[in-house]
Amino acid sequence: MSPTSSSPAAGASLSAARRSRELTEAVGGPVVDVLVVGLGATGAGAALDAAARGLSVVAVDAHDLAFGTSRWSSKLIHGGLRYLASAQLDVAHESAVERGVLMERTAPHLVHAQPFVLPLTPLVSRGQAALAWAGFRAGDTLRLAARTARATLPAPRRLSAVETRHLAPALRSDRLRGGLLSWDGRLTDDARLVTALARTAAARGARILTRTRALELTASGARIRDELTGEEGEIRARAVINASGVWAGALVDGIRVRPSRGTHLVLRSDRLGPLPAGLHVPVPGETNRFVLVLPQGDGRVYVGLTDEPVDGEVPDVPEVPETDVGFLLDVLGSVLDVPVRREDVVGTFAGLRPLLDTTSADRSDGAPRTADVSRRHAVLTSSEGVITVVGGKLTTYRRMAEDAVDAAVAARRLDAGPSPTAALPLVGAAAPHALAALPAPRRLVRRYGTEAPAVHALAARDPRLGERLLADHPVTGAEVVWALRHEGALDESDLLDRRTRIGLVPEDRAAALDAVRALVGEAMAGPV
Numbered sequence: 268m269s270p271t272s273s274s275p276a277a278g279a280s281l282s283a284a285r286r287s288r289e290l291t292e293a294v295g296g297p298v299v300d301v302l303v304v305g306l307g308a309t310g311a312g313a314a315l316d317a318a319a320r321g322l323s324v325v326a327v328d329a330h331d332l333a334f335g336t337s338r339w340s341s342k343l344i345h346g347g348l349r350y351l352a353s354a355q356l357d358v359a360h361e362s363a364v365e366r367g368v369l370m371e372r373t374a375p376h377l378v379h380a381q382p383f384v385l386p387l388t389p390l391v392s393r394g395q396a397a398l399a400w401a402g403f404r405a406g407d408t409l410r411l412a413a414r415t416a417r418a419t420l421p422a423p424r425r426l427s428a429v430e431t432r433h434l435a436p437a438l439r440s441d442r443l444r445g446g447l448l449s450w451d452g453r454l455t456d457d458a459r460l461v462t463a464l465a466r467t468a469a470a471r472g473a474r475i476l477t478r479t480r481a482l483e484l485t486a487s488g489a490r491i492r493d494e495l496t497g498e499e500g501e502i503r504a505r506a507v508i509n510a511s512g513v514w515a516g517a518l519v520d521g522i523r524v525r526p527s528r529g530t531h532l533v534l535r536s537d538r539l540g541p542l543p544a545g546l547h548v549p550v551p552g553e554t555n556r557f558v559l560v561l562p563q564g565d566g567r568v569y570v571g572l573t574d575e576p577v578d579g580e581v582p583d584v585p586e587v588p589e590t591d592v593g594f595l596l597d598v599l600g601s602v603l604d605v606p607v608r609r610e611d612v613v614g615t616f617a618g619l620r621p622l623l624d625t626t627s628a629d630r631s632d633g634a635p636r637t638a639d640v641s642r643r644h645a646v647l648t649s650s651e652g653v654i655t656v657v658g659g660k661l662t663t664y665r666r667m668a669e670d671a672v673d674a675a676v677a678a679r680r681l682d683a684g685p686s687p688t689a690a691l692p693l694v695g696a697a698a699p700h701a702l703a704a705l706p707a708p709r710r711l712v713r714r715y716g717t718e719a720p721a722v723h724a725l726a727a728r729d730p731r732l733g734e735r736l737l738a739d740h741p742v743t744g745a746e747v748v749w750a751l752r753h754e755g756a757l758d759e760s761d762l763l764d765r766r767t768r769i770g771l772v773p774e775d776r777a778a779a780l781d782a783v784r785a786l787v788g789e790a791m792a793g794p795v
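Note that the numbering used here gives residue 358 to position 91 of the sequence shown, counting from 1, and the numbers run on in steps of one.
In structure tokens form, the structure reads like this:
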């Protein structure tokens, strides 16, 4: 599309009307090539992969796009350094390759280079500092092996104490020896990545059906329920891919997922002051574990994350225990001049990583921590023929999706070639120089890419839509209207909790709710 176009990419608009029409067509309709269950990053990626190969696709989710784990990440696209430390060389290389794909080809508008400072405080011994520096250098070697350009990810380097304090003024200066600067990939927002994947799949002909619950899966389709009307029906398919993450075992027998909880805190930016870089804060007593401080550019900072096993029934929205909050505050306080207090935490969120449980069903209490469980993904075919993709992580969603569709193509002998998604730009993607030339605010470009001028044009036509929903948060009414018209948002929860992320702070969610409800009402009253 033209950088100044006032329309979305052809065929990429998701709306309530399109959902209703395509759900009616899918239920009881002709057999499709691939049915995907789950619309997180992996499921939306699988829908795109299959559609890009020319296959007919239906993708369903009981809730919304990115309702589950895919909206609760650290928003980082990791290069695999952590996996080098645990000798998972194949996972490390795969992560570095997929990071480069996102940053340079498929989503350069959504994924950018993020600097991180590891402060060398008295709690970090010289031996630990040397080990960390060796790790950062190894990570740069991974970048080179993945053929990611130096212009995309700068080299790590040592910092003086003055430079370290300049990048993180909130750090305690007493006995600060300096710091280590490293770089990694960073998403503008994880839920926006999923939205872009789903819309790109829709532009290729995939039917994206949210609020559509899979009640029962077989190798030839699924029994589903429209969660808006309660009506049930059948969707028939030649191949079925279960990409429901931590809920995968509830749909297919024999799949054991061992969820790991990753908790984050949300702080106001002014609590920590200017943060040109994020922070790696070493966890005392751990050799390769850090708490991350992640400035968001929207008046908020995230602090995370934990890695704790979760037992029992998997909830729709994980709760954050106070023990996690206390742990993160304690580690953060070890490096700050003025420690963050519990009352400074304005929001919390937790995601459940869908780690594949490969241990014995009767494992003892000596089973490995989830922090030690492999992040490798697996593609498993049940005795009934349903293909499940599980494990992995956000960074490698594309490879997971490719492997799942490869399995479906092979098992069902579908007429499709190899995956083209490593070179397929998502909706809004363009080269950096093209993005820089767009006539729209930089913040919108980082969220919408080439569609930013179209979002901006909504506010130009109706000045009300140019106003912020909250005085101290940058989201405007135009973004809400765009989400309703083109991004598949159906109600205020979709808008507040996933398309804009205002809902990460309960106080902000409550303050914006009436304005968002009014915009939803206006959209429902007129053509969308």
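Even glycine gets a Cβ: it sits at the ideal position worked out from N, Cα and C.
Predicted, not measured: the structure shown is a model, and the values here were computed from it.
Item	Value
Residues bridged to Arg424 [DSSP beta-bridge criterion]	Leu448
Secondary structure of Asp300, DSSP reduced to three states	strand
At least 3 beta-carbon pairs within less than 8 Å: the stretch 295-304 vs the stretch 656-666	no
Proximity of Arg478 and Leu495 at Cβ, strictly below 7 Å	yes
Where Leu434 falls: helix, strand or coil (DSSP)	helix
Buried versus exposed, by CB contacts within 10 Å (16 or more), Pro549	buried
Same chain, Cβ closer than 7 Å to Thr500, neighbours up to 5 away in sequence not counted	The sequence as given places Gly at residue 500; Thr does not occur at that position. The answer, listed in chain order, is Val294, Gly295, Ile491.
Same chain, Cβ closer than 8 Å to Arg776, five either side skipped, listed in chain order	Leu763, Asp764, Ile769, Gly770
Cut-off 6 Å between Cβ atoms - residues of its own chain near Gly335, not counting five sequence neighbours on either side	Gly307, Gly512
Buried versus exposed, by CB contacts within 10 Å (16 or more), Ala279	buried
Proximity to Ala674 [Cα-Cα], best of Asp583, Leu702, Leu476, Ala506	Ala506
Beta bridge counterpart(s) of Glu575 as assigned by DSSP	Arg528
Under the three-state DSSP convention, the category Thr477 falls into	coil
Backbone secondary structure at Arg414 - three-state DSSP	coil
DSSP bridge partner residues for Ile344 (one or two, in chain order)	Gly452
Cut-off 7 Å between Cβ atoms - residues of its own chain near Gly321, not counting five sequence neighbours on either side	Ala683
Bridge-paired residues (DSSP) for Asn509	Val304, Thr655
Boundaries (first-last residue) of the beta strand (DSSP E) holding Gly614	612-623
Within the stretch 315-381, ranges of the alpha helix (DSSP H) (whole runs, at least 4 residues)	348-352, 356-368
DSSP bridge partner residues for Val533 (one or two, in chain order)	Tyr569, Gly614
Cutoff 8 Å; reference Ser273; Cβ partners in own chain excluding five residues on either side	Because Ser273 sits at a pLDDT of 47, beneath the cut-off of 50, its placement in the model cannot be relied upon, and the point is left open.
Helix, strand or coil at Ile769 according to DSSP, with G and I counted as helix	helix
DSSP bridge partner residues for Gly500 (one or two, in chain order)	Ile491
Assigned exposure category for Thr797 - 16 Cβ within 10 Å defines buried	What the structure shows of the chain is the stretch from 268 to 795, and residue 797 is not part of that stretch, so it cannot be assessed.
Burial state of Ala474 (16 or more Cβ within 10 Å)	For the record, residue 474 in the displayed sequence is Arg; it is not Ala. It counts as buried.
Helix, strand or coil at Pro692 according to DSSP, with G and I counted as helix	coil
Buried or exposed by the 16-neighbour rule on C-beta atoms within 10 Å, applied to Asp761	buried
Glu586 - DSSP class collapsed to helix/strand/coil	coil
Own chain, CB closer than 7 Å to Leu786, minus 5 neighbours either side, in chain order	Gly744, Val747, Val748
Buried or exposed (CB count within 10 angstroms, at least 16 for buried), Met370	buried
Ala689 versus Arg752 - alpha carbon distance	28 Å
His379 to Phe557 span [Cα, whole Å]	21 Å
7 Å Cβ cutoff met for Asp565 and Pro708	no
Buried versus exposed call for Asp597 [16 or more other C-beta atoms within 10 Å across all chains shown]	exposed
Which of helix, strand or coil DSSP assigns to Ala756	coil
Cβ separation of Val568 and Leu539, assumed to be a contact under 8 Å, to the nearest whole Å	6 Å
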